[in-house]
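Residue numbers (my numbering): 453 to 625. Just below is one structure, and these are the notes that go with it.
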Amino acid sequence: MKRLVQKIINIGADFSTRKALKSTLRFLGVKPENIDKLYVELKNDFYRDVFRKIHPKYKMVFLPQCLRNSKCKAKLTKLGYACNGCGNQNSCKVYKIKTKAESLGYRVFIAPGGSMVINIIKKFKPKAVLGIACMKEIVMAFDNLDVSVQAVELLRDGCVNTDVRMREVFRIL
Ligand code: SF4
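Structure (structure tokens):
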């Protein structure tokens, strides 16, 4: 995959949107089921250095509500779920990522869906964003957001009990 990503960059392909990239990938004989993964890898590569150089206080982290401990009782507000920690925090990946990111200076949101993410970004205008989501939501974000994004795909899709590689998230933070 890495070699293919480099090849796409070298030939100067347009990967501004998934749609734009699709025709290049078809030309290169890439299987349709690999298009989303490649698109996300290209975008992550493209924004990596810019993201690193921006101070955390200008960046936001978006966590999906489905990554919370399934017993979570956090209330849904206009800015996502309001987590102040609870008895389940030791087994809650949202809590672990949130506390680490906030200690570094990031603003963190626990969003119930992609449309809230887009609204929050439009309202607060961060310089860069780290998003953890399913592939469908990540592609939608890269297609619609005019900001540097780093994305980490969930290991499991679904609306509850999803999972993520913590090491990958902490590496980006
Ligand atoms: S730590 Fe926060 S997000 Fe996790 S279960 Fe408790 S209230 Fe919910």
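We put the CB at the ideal spot given by N, CA and C, even for glycine. As the structure is a prediction and not an experimental result, all values here were calculated from the model.
Check whether K545 and M618 have beta carbons under 8 Å apart: yes
Going by CA-CA distance only, name the one from A553, Y547, L490 that's closest to K474. That would be L490, whose Cα lies nearest to the Cα of K474.
I need the straight-line Cα distance from K483 to R470, nearest angstrom please. 14 Å
Determine the extent of the alpha helix (DSSP H) in which M568 is found, giving its start and end residues. 566-576
To the nearest angstrom, report how far apart K511 and S555 are at their CA atoms. 13 Å
If contact is defined by three or more beta carbon pairs under 8 Å, each pair taking one atom from either stretch, is the segment 525-545 in contact with the segment 490-501? no
Which residues bound the alpha helix (DSSP H) around Y491? Its alpha helix (DSSP H) spans residues 487-505.
Express the C-alpha separation of I624 and Y499 in angstroms, rounding to a whole number. About 12 Å.
Quick check on G566: buried or exposed, where buried means 16 or more other Cβ atoms within 10 Å of its Cβ? buried
heavy atom of ligand 1 below 7 Å from R478 C-beta: no
V599 beta carbon less than 8 Å from that of G583: no
Those runs of the alpha helix (DSSP H) which lie wholly inside the segment 512-596 and span at least 4 residues: 545-556, 566-576, 587-596
What is the DSSP secondary structure of V601, counted as helix, strand or coil? strand
Using the Cβ count rule (16 or more neighbours within 10 Å means buried), how would you classify G610? Looking at its Cβ environment, which holds fewer than 16 other Cβ atoms inside 10 Å, G610 is exposed.
Please find out if some non-hydrogen atom of ligand 1 comes closer than 7 Å to the beta-carbon of Y547. yes
Return the residue from the list K577, G537, N542 that minimises the CA-CA distance to R559. The shortest C-alpha separation from R559 is found at K577.
Cα-Cα separation, V569 to F479: 34 Å
Output the distance between the C-alpha atoms of R455 and I461, rounded to the nearest integer angstrom. 10 Å
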